[in-house]
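J.:
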Amino acid sequence: MPKISVIVPALNEELLLPVLLESLKNQTFTDFEIVVADAGSKDRTVEIAKEFGAKVVPGGMPGPGRNRGAEVAEGDFFFFFDSDVTLPNDFLEKAYKEMQERFLDLATCEFLPLSDLQLDKVMFKVANLHVKLNLNLNPRAPGFCIFITKRLFQRIGGFDESLKLAEDHDLVDRASKYRPLAFLYSSNISVSVRRLEKEGRFGLIEKYLQVELHLFTKGNVKKSIIEYEFGNFNPSNDKTKTKKILDDIEARVIQLEDTYARRAETFKAGLNDLKEMQEKIKRSFEEIGSAFEKILRI
């Protein structure tokens, strides 16, 4: 039996799933299996998963898909990822070792954006800080970054399939009643920003706040309160005035960041030119000095 079962819900992921599977193929830790829960992909998702030796089972929305994967998983630990995640080559080795040494049954870790935008890096830092600060008071972990023992997962009955949203937070909340959520510091994962690009950075923040407000005031989300399309990462069709304002703000922030980056590059190039000029002047004075020395020797 494998020590770890990597479980991935997927729908039309032929572009990014191979990147995750390749990073799993290159792991220094090899005692694991891969289970892909496919929600009816129309592209090569299933074929690609099988090419990498993964078990493929019928899936559905992320929560039910993860449950279907867990039903056939044989590992002692379930590591839940999404298709747009990429792992360092030693991730499974370090994560498994840390969970064993700290006797952990439930954990998450830092997640970094696959983006050069400072805006994305700041947003991810805030999200990671939110997770760390709420480990005990209000445990949260994204579905693409949950690590849980098989026994604890089965004890709480897996993901609640009646929920429309935040089923990952619900799972962590229920599991933490038995074993506390821990934060792994030995390694991290990287994840794409395609959801941010689809929804808009500030538009997505607004949606997350709506969900958090619903969780705080009304409890679990059992009906659709925001637009969420699993497997669809085309630009959002939301044309509301608020969405337009938020998208405009985002565009201005990104433009400012781009302007700053270009000016910083120009300034850096100017410093390099100045340094080169100083070197030339230095060499010129050295040559003049050498010439005077030769004259004095005559």
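Heads up: take any position in the sequence shown, counting from 1, add 57, and you land on the numbering used here. Using N, Cα and C, we set each Cβ at its ideal position, and we do this for glycine too. As the structure is a computational prediction, the values presented were derived from the model and not from experiment.
1. So, under 8 angstroms CB-CB, Glu150 and Phe86 are touching, yes? Tell me the CB distance rounded to an integer number of Å.
2. Figure out for me which residue from Ala198, Lys189, Val183 and Asn195 has the closest Cα to the Cα of Ile262.
3. Are the beta-carbon atoms belonging to Asn277 and Leu220 less than 8 angstroms from one another?
4. Only counting the same chain, and skipping five residues up and downstream in sequence, which positions put a Cβ closer than 8 angstroms to that of Arg159?
5. Using 8 angstroms for Cβ pairs, my map puts Val135 next to Ile205. What's the rounded Cβ distance?
6. In angstroms, rounded to a whole number, what distance separates the CA positions of Glu269 and Ile64?
7. Within the region 117 to 150, note down every full alpha helix (DSSP H) run reaching 4 residues or more, in order along the chain.
8. Are there 16 or more other CB atoms within 10 angstroms of the CB of Leu102, so buried, or fewer, so exposed?
9. Once you ignore the five residues that flank Tyr153 on each side, which residues in its own chain have a CB closer than 8 angstroms to its CB?
10. Would you mind reading off the limits of the alpha helix (DSSP H) that contains Leu174?
11. Have a look at the DSSP bridge pairing and note the partners of Glu90.
12. What are the residues that DSSP puts in a beta bridge with Phe204?
13. Going by the CB atoms, is the gap between Asp177 and Leu253 shorter than 8 angstroms?
14. Measure the CB-CB distance between Val229 and Pro170 and report whether it falls below 8 angstroms.
15. Measuring CB to CB, does Gly200 end up less than 8 angstroms from Asp139?
16. Please report the distance separating the alpha-carbon of Asn124 from that of Thr316.
17. Where in the region 196 to 240 do unbroken runs of the beta strand (DSSP E), each at least 3 residues long, occur, reported from the N-terminal end onward?
18. Buried or exposed for Met58, please, with buried defined as at least 16 other CB atoms from any protein chain shown within 10 angstroms of its CB.
19. For Asn185, which of Lys99, Asn245, Lys279 and Asn83 has the nearest alpha-carbon?
20. Figure out for me which residue from Lys279, Gly120 and Pro145 has the closest Cα to the Cα of Arg243.
T.: With the given structure in hand:
1. 4 angstroms
2. Val183
3. yes
4. Within the same chain, Cβ atoms closer than 8 angstroms to the Cβ of Arg159 are found at Ala239, the five residues on either side in sequence being excluded.
5. For the record, residue 135 in the displayed sequence is Phe; it is not Val. About 5 angstroms separates the two Cβ atoms, so the contact holds.
6. 26 angstroms
7. If we require 4 residues or more, the alpha helix (DSSP H) runs fully inside the region 117 to 150 come out as 119 to 129.
8. The sequence shown places Thr at residue 102, rather than the Leu named in the question. The C-beta of Thr102 has 16 or more other C-beta atoms within 10 Å across all chains shown, which makes the residue buried.
9. Within the same chain, Tyr153 has close Cβ partners Lys60, Ile61, Phe86 and Phe134.
10. Segment: none, Leu174 is in no alpha helix (DSSP H) and carries neither H nor E.
11. When beta bridges are read from the DSSP output, Glu90 appears opposite Ser62.
12. Bridge partners of Phe204: Phe136 and Ala164.
13. yes
14. no
15. Asp139 sits close to Gly200, with the two beta carbons spaced by under 8 angstroms.
16. 46 angstroms
17. 203 to 206
18. With fewer than 16 neighbouring CB atoms inside 10 Å of its own CB, Met58 falls in the exposed class.
19. Asn245
20. Sequence inspection shows Ser at residue 243; the Arg mentioned does not correspond to that position. That would be Pro145, whose Cα lies nearest to the Cα of Ser243.
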